[in-house]
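Residue numbers (the working numbering): 210 to 473. Built from N, CA and C at the ideal position, the CB exists for glycine as well. Note that this is a predicted model, so its numbers are computed, not measured. Report on the structure given below.
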């Protein structure tokens, strides 16, 4: 077991699907900050601005850049995230799925909508983890996760953040997006320091508060998968799409695109 973890934290992750890891990226905060600035100056093909005309602030996100941004690659390969992920997932090996940055500038009141990541992805399996780590102190613009939602019978219908339209045309297999506050769900959120990380399963319902503070809220996410991860087809285009991957349903994710970064 990695020194950042306890057995209770692993059991909490398995039961609730979410746990706070203090200091996971503490030694890599400056790398992540530099990588975010490079990413924002040189956006990738999936970069997005998530505010409608007239909404205050700026909400920028981008993903799948770790192999072209050296600061992110250094974090992926040298931080303890992969070993911690293996312990949390109870997996013998860990593959990179993708990275994601989310930046809310001061005065961005728009919250990140409630959603599950898993329905957007072409990967299936319970051994997965997403680390969400701020590089600014977080009070107002905190991540919020619904404990136990990774065990729900039906996934939540994925939606486009800006247009708020359904991501897939056939929604019978999905449940509507709930309102966790109105429905009294067990919502976990923490005040966090730079380098802390929330670890959560891809099927956890989560969102984030708007940033009404006078400080930036820059966050780095790293998505990893374990032994049982398999390619699965969705009713439409996935996000990220990874065009030309040539995988078939049931395949282990191809290691030349999704490298193994930890193995027992």
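Could you have a look at residue 449 and say whether DSSP puts it in helix, strand or coil? It is coil, neither helix nor strand.
By Cβ distance, which residues of its chain are closer than 6 Å to residue 427, with the 5 residues on each side in sequence left out? Exclusion of the five residues before and after residue 427 leaves 245, 312, 344 and 345 as the residues of its chain whose Cβ lies within less than 6 Å of its Cβ.
Whose C-beta lies closer than 6 Å to the C-beta of residue 354 among residues of the same chain, with five residues either side of it excluded? Excluding residues within five positions, the ones whose Cβ falls inside 6 Å are 227, 397, 409, 413 and 415.
Using C-beta distances below 7 Å, list every residue in its chain close to residue 326, excluding the 5 sequence neighbours before and after it, in chain order. Once the five neighbours on either side are set aside, the close Cβ partners of residue 326 are 339 and 411.
Using DSSP bridges, identify the partner residues of residue 342. Residue pairing by DSSP puts residue 342 in a beta bridge opposite 429.
What residues in its chain sit with their C-beta under 8 Å from that of residue 424, if we drop five residues either side in the sequence? Excluding positions up to five away in sequence, the list reads 315, 345 and 346.
Since residue 376 contacts residue 369 with CB under 8 Å, what's their CB separation in whole angstroms? Contact annotation, residue 376 with residue 369: C-beta distance approximately 6 Å; criterion of less than 8 Å satisfied.
I need the DSSP call for residue 322, collapsed to helix, strand or coil. Here DSSP, grouped into helix, strand and coil, assigns residue 322 to strand.
Thinking C-alpha only, which one of 364, 299 and 336 is nearest residue 324? That would be 364, whose Cα lies nearest to the Cα of residue 324.
Cβ neighbours of residue 253 in the same chain (closer than 7 Å, five flanking residues each side left out): Excluding positions up to five away in sequence, the list reads 271, 273 and 274.
Enclosing alpha helix (DSSP H) for residue 237 [first to last residue]: Segment: none, residue 237 is in no alpha helix (DSSP H) and carries neither H nor E.
From 466, 440, 214 and 212, pick the residue whose C-alpha is nearest to that of residue 333; which is it? It is 440 whose Cα lies nearest to the Cα of residue 333.
I'd like to know if the stretch 259-267 and the stretch 443-451 are in contact, where contact means that at least 3 CB-CB pairs between them fall below 8 Å. With the cut-off at 8 Å, the stretch 259-267 and the stretch 443-451 do not touch.
Hey, is the stretch 430-439 in contact with the stretch 291-306, meaning 3+ C-beta pairs nearer than 8 Å? By the criterion of at least three beta-carbon pairs nearer than 8 Å, the stretch 430-439 is in contact with the stretch 291-306.
Could you give the distance in angstroms between the alpha-carbon of residue 478 and the alpha-carbon of residue 468? No statement about residue 478 is possible, as the shown extent of the chain runs from 210 to 473 and does not include it.
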